[in-house]
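S.K.:
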Amino acid sequence: MEPTPELSPHHAYPDHWEADVVLRDGGTARIRPITTDDAERLVSFYEQVSDESKYYRFFAPYPRLSDRDVHRFTHHDYVDRVGLAVTIGGEFIGTVRFDRINEQGRPASAPADEAEVAFLVQDAHQGRGVASALLEHIAAVARERGIRRFAAEVLPANNKMIKVFRDAGYTQQRSFEDGSVHLTLDLEPTEKSLAVQRGREQRAEARSVQRLLAPGSVAVIGTGRTPGGVGRTVLRNLLAAGFTGRTYAVNRAFDEGLATLDGVPAHRSLGEIDEQVDLAVIAVPAHRVPEAVADCGEHGVQGLVVLSAGYAERGSAGRELQRELVRQARSYGMRIIGPNAFGIINTAESVRLNASLAPESPARGRIGLFTQSGAIGIALLSGLHRRGAGLSSFISAGNRADVSGNDFLQYSFEDQDTDVALLYLESLGNPRKFTRLARRTAAVKPVVVVKGARHSGTNPPGHAVPVSRIPDATVSALMRQAGVIRVDTVTEMVDAGLLLAGQPLPAGPRVAILGNSESLGLLTYDACLAEGLRPRPPRDLTTAASPQDFRDALAEALADGTCDAVIVTAIPWVGENGEAETGDGEVLAAALRGAAAGGPAKPVAVVHVEIGGLAEALAAASSTAAPRTRPTTLAGRPAAAPGAPAGAAPPTATAPTEPGTEAPAETAGAAGTTRTAETTEPAETEAAEPPARPGRIPAYPAAERAVRAMAEAVKYAQWRRQAATPGKVPEFLDETTDEPGAAALIDTLLGPAPDPRGRPLTHDEARELLGRYGIPVRPTLPAPDPEAAVAAAARLGYPVALKTTAPHLRHRADLGGVRLDLTDEDALRRAYAEVTELLGKPAELLPVVQSMAPRGVDTVVRASIDAAAGAVLSFGLAGAPSELLGDTAHRLVPATDRDAAELIRSIKAAPVLFGWRGSAPVDTPALEELLLRLSRLVDDHPEVVSVALEPVVVAPQGLTVLGATVRLAPPPPRGDLGPRRLPNY
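Here's what the structure looks like:
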């Protein structure tokens, strides 16, 4: 909303302060700067505020605003005087303003860094978190304008406002002066203020999804008068599922005399409905959607499911229609699923909602499912139904213009009816936030993700979100670091989801295999080895084995302390006449269920070949079909987390690490004190867990599928165990780290007006900056001619290396551009002549001389910043392993000591570092310290947008950084550190 007064360019309307936010009850509102056009809105708003609230604001009876007040409260310079308003439906529901003051409390201008702040919220909207959201945004505005502290005077009786300040998490001081409470808030974000902000965000966004999935009433707008069509189909599905709330059919084309349709009230508009409508399903052509949205907003609808197509999937014009749809809905406080959505389902007995195009509502279960594709949603619903699995909730978001996978994670974290969250994603609008939410959710329940459009480099049609340039392998590594189970296909997602929803987590990788087919057992054994599991030799029960034999063998395997999981293989019995007998599936299923129920809590999976009724009978005991409560010990305390191995402590939502070789919490070489990783967050509510006892036993038609699902469960369980004791981010408070000096150097190098594209540093500049963080880079000296090369070698000391640094020859020793171990002047002159004769003139080759480093393994360490995902630390072996084979590992910054230890162990070529084929192990603690120092550098200074250390030669004792390239640029914005806001794509 642009202002009309004439303002200098310096004081131009700050449209980047506009934001959509989710309030505490799940509704949305818009925060924006107040302008002179808002005079009437301000007066109307003030008239609806109670006398008590006015008294709290002005410390005296103040029934109405004078013209002078209205002028003062609507005219701002957006620097020293700023006002923000929260609006719903275009009308104010809350305001906040600050005025810059000096030490005496009088109006002032910069460089004064304190401001007086005051709030006013309509009584009807108090308790919705309006003031808390306003405080976050006005604090961010103040910091942007150089204000570091807020001062506020509050009457002692105004407990609500005092609580807003007290609970914000900022450092504050309180005093009682002249009958009022004087508060001073330091606006620098703290760990507590960020935790408070993210906790409020989580609760609000979870509530916004919960309002969509559990409405008290639903109106289907666009219900056809004749059978068929999208709207009529949704209405039929709502009724067939037994929705417990009220249902209405709405179509402006209905005859005036039509009272009911399919047994529900029929209306021409929402205005004809006397009761509150919570959810509207819109199934009208795209050009009629704005009219329907306005009708919903004006009659208090809380949320929308827009099935209509014709938006961003149709191109730029449709993308703008989609943006306008979101703006319109949010202006009324509504959230949207869609457009181009397939619908939503909630199987809870108290709701029984099927507001989708799915003809059959799935059985009630413990799996939550989110998909960005209607077609994939249909396939997943069908696949889960065939396998006998039930769902707790289902959202098919279509173009996901508003409600996204991040919102679903917020909801799933709190939902006590969901044990496992399955997500099919084609785009990640906010990868940084996704990994943060996934890490917290995965600490209490499994999160399984399939990422579509992995290699296209673009978003699918309809997904108007920023495109991340991070390679898919990096995305996969970062998901694993966050505890996400990343699989490649929807079939694998169903396979893993069934095992995780019905079975406890394995305590380790040791797998027992038993069955009545030696060949199928061997296939299972080979598959386990391929997936990194530790299988025991298969136990062949022979084809004559009876169901009782299976039961006894399974019970014995479960009781074996050297076994963490069991895979049962079964083929049909062969009768005396040579024909397969396939009718004993139910008997075998009962035997297996009995053994699993009576033995220790270990996961069991079944691989079967055409045994009729077996999969169905195993699914009949689905533990996903009934709610559970968390068990307690005899002492009355909560038991260890269901799914965790015996004796394990309940898991906490703390910083995870990559599944793999477990690393010590304190890593050698990580000197100095420690701090908790900024990526850690405590779980704020207790969420549902995977089952402690085997319930539903999943059945698979192929050994590879069962083993792959079990391997994912093993890696996830290991991540959970590690997440319970997170690593630390070392401070490195020693003389080799100079954070202030590095900051000053960066400011000097970037200059007062930095190029937005950034600039690469010279070799000497890079050496100086890295040296501030204790990362020495071996010096190189230019050698434009043989005499300069000899002089450089004399200065550095023999032996030396001669290298070409031309871009096309850099790090290409295979092309002859690097000569090593030159022990004297003659050798150096010969090498110089050979290189220039072979590859070209010195002016083209840009040769340099460098002293030799101790022999070791050549590695490469990199750090880069992606605007969407944040800073990423990477490691691999130099040359072909990383460049040709892509054998590179990645972690998000800031890396913990455990991350660094696992980073170097997670590449396939890691054995080379640990004494492969009799070679001497290299100094991995020194390598871990280097990784941590580089992580700290880019975390402390976001202007360092990329660093490449190549090669880093790691010797048995110590390491040497032979080359370094660094690029500086103005730091990209950190949306995750600012005030809460919904994305606008």
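Numbering (the numbering used here), first residue to last: 368 to 1352. Just so you know, even glycine gets a beta-carbon here, dropped at the ideal spot from N, CA and C.
Going by beta carbon distance, what residues of the same chain come within less than 8 Å of Asp1122, once the five residues before and after it are set aside?
M.R.: Ala1336
S.K.: Please state whether DSSP places Asp782 in a helix, a strand or coil.
M.R.: coil
S.K.: Taking the DSSP output, what are the residues bridged to Gln577?
M.R.: Bridge partners of Gln577: none, in fact.
S.K.: Taking the CB atoms as reference points, tell me whether Ser420 and Asp490 lie closer together than 8 Å.
M.R.: yes
S.K.: Rounded to whole angstroms, what's the CA-CA distance from Glu690 to Val668? Just pull it up for me.
M.R.: In the sequence as displayed, the identity of residue 690 is Arg instead of Glu. Roughly 20 Å between the two C-alpha positions.
S.K.: Is Ala1069 closer than 8 Å to Val974 when the C-beta atoms are compared?
M.R.: yes
S.K.: Please confirm whether any heavy atom of the ligand ADP lies closer than 7 Å to the CB of Ala1247.
M.R.: Absence of the ligand ADP from the depicted structure is noted, as is the absence of any ligand whatsoever, leaving it without description.
S.K.: Flag this pair as yes or no: are the beta carbons of Leu776 and Thr808 separated by less than 8 Å?
M.R.: In contact: Leu776 and Thr808 (Cβ atoms closer than 8 Å).
S.K.: Can you find a C-beta in chain D that's less than 8 Å from the C-beta of Trp1086?
M.R.: Absent from the structure is chain D; it holds one protein chain and no more.
S.K.: Look up Asn721 in the DSSP assignment and give the residues it is bridged to.
M.R.: Ile712
S.K.: Note down the Cα distance separating Asp769 from Ala708, rounded to an integer number of angstroms.
M.R.: 11 Å
S.K.: Taking the alpha carbon of Arg397 as the reference point, which residue from Ala482, Val1224, Ala477, Ala498 has its own alpha carbon closest?
M.R.: Ala498
S.K.: How many angstroms separate the CA atom of Pro729 from the CA atom of Leu606?
M.R.: Between Pro729 and Leu606, the C-alpha separation is close to 14 Å.
S.K.: Hey, would you say Arg399 sits closer than 8 Å to Glu414, going by beta carbons?
M.R.: no
S.K.: Determine whether the beta carbon atoms of Leu985 and Arg1063 lie at a separation below 8 Å.
M.R.: yes
S.K.: Ala715: which of His654, Asp784, Arg619, Ile880 sits nearest, CA to CA?
M.R.: Taking only the C-alpha atoms, the option nearest Ala715 is Asp784.
S.K.: Verify whether the separation of the beta carbon atoms of Leu1195 and Leu1187 is less than 8 Å.
M.R.: no
S.K.: Can you tell me whether His666 is helix, strand or coil according to DSSP?
M.R.: coil
S.K.: Kindly indicate the opening and closing residues of the alpha helix (DSSP H) around Val508.
M.R.: 497 to 511
S.K.: Mind reading off the beta-carbon distance from Ser740 to Tyr791? Whole number of angstroms is fine, and I expect it under 8 Å.
M.R.: 6 Å
S.K.: Answer with buried or exposed for Gly1405, where buried requires no fewer than 16 other C-beta atoms within 10 angstroms of its C-beta.
M.R.: Here the chain comprises residues numbered 368 to 1352, so residue 1405 is not present and cannot be evaluated.
S.K.: By how many angstroms is the C-alpha of Arg1134 removed from the C-alpha of Glu1192?
M.R.: 27 Å
S.K.: Do Val1314 and Leu336 have their beta-carbon atoms positioned less than 8 Å apart in this structure?
M.R.: A query on residue 336 cannot be resolved here, the shown segment of the chain reaching from 368 to 1352 and no further.
S.K.: Would you mind sorting Trp1086 into buried or exposed? The rule is 16 or more other CB atoms within 10 Å of its CB.
M.R.: buried
S.K.: Quick one: give me the first and last residue of the alpha helix (DSSP H) that Gly1108 is part of.
M.R.: 1106 to 1117
S.K.: Can you tell me the Cα-Cα spacing of Val954 and Glu1295, whole angstroms?
M.R.: 55 Å
S.K.: Compute the distance between the beta-carbons of Pro1143 and Lys1170, then report whether it is under 8 Å.
M.R.: no
S.K.: Can you tell me which residues form a DSSP beta bridge with Gly450?
M.R.: Gly450 pairs with Arg464.
S.K.: Check each candidate in Val1260, Leu1206, Ala479 and name the one with the smallest Cα separation from Pro1097.
M.R.: Val1260
S.K.: Select from Lys818, Leu867, Ala1173, Ile1232 the residue whose C-alpha is nearest the C-alpha of Gly1207.
M.R.: Ala1173
S.K.: Taking only the alpha-carbon atoms, compute the straight-line gap between Asp1307 and Asn766 and give it to the nearest angstrom.
M.R.: 37 Å
S.K.: Can you look up Ala1262 in the DSSP assignment and give me helix, strand or coil?
M.R.: In the structure shown, Ala1262 sits in coil (DSSP, three-state: anything other than H, G, I, E or B).
S.K.: Assign His443 to one of three DSSP states: helix, strand, or coil.
M.R.: coil
S.K.: Please return the same chain residues whose Cβ sits closer than 7 Å to the Cβ of Asn1356, not counting the five positions on each side in sequence.
M.R.: Nothing can be reported for residue 1356, as the shown portion of the chain is limited to 368 through 1352.
S.K.: If I measure Cβ to Cβ from Phe761 and keep anything under 6 Å in the same chain, skipping five residues before and after, which residues do I get?
M.R.: Ile712, Leu736
S.K.: Below 8 Å on the Cβ atoms is my contact criterion, and I expect Leu900 with Val878 to pass it. Report the Cβ-Cβ distance as a whole number of Å.
M.R.: 5 Å
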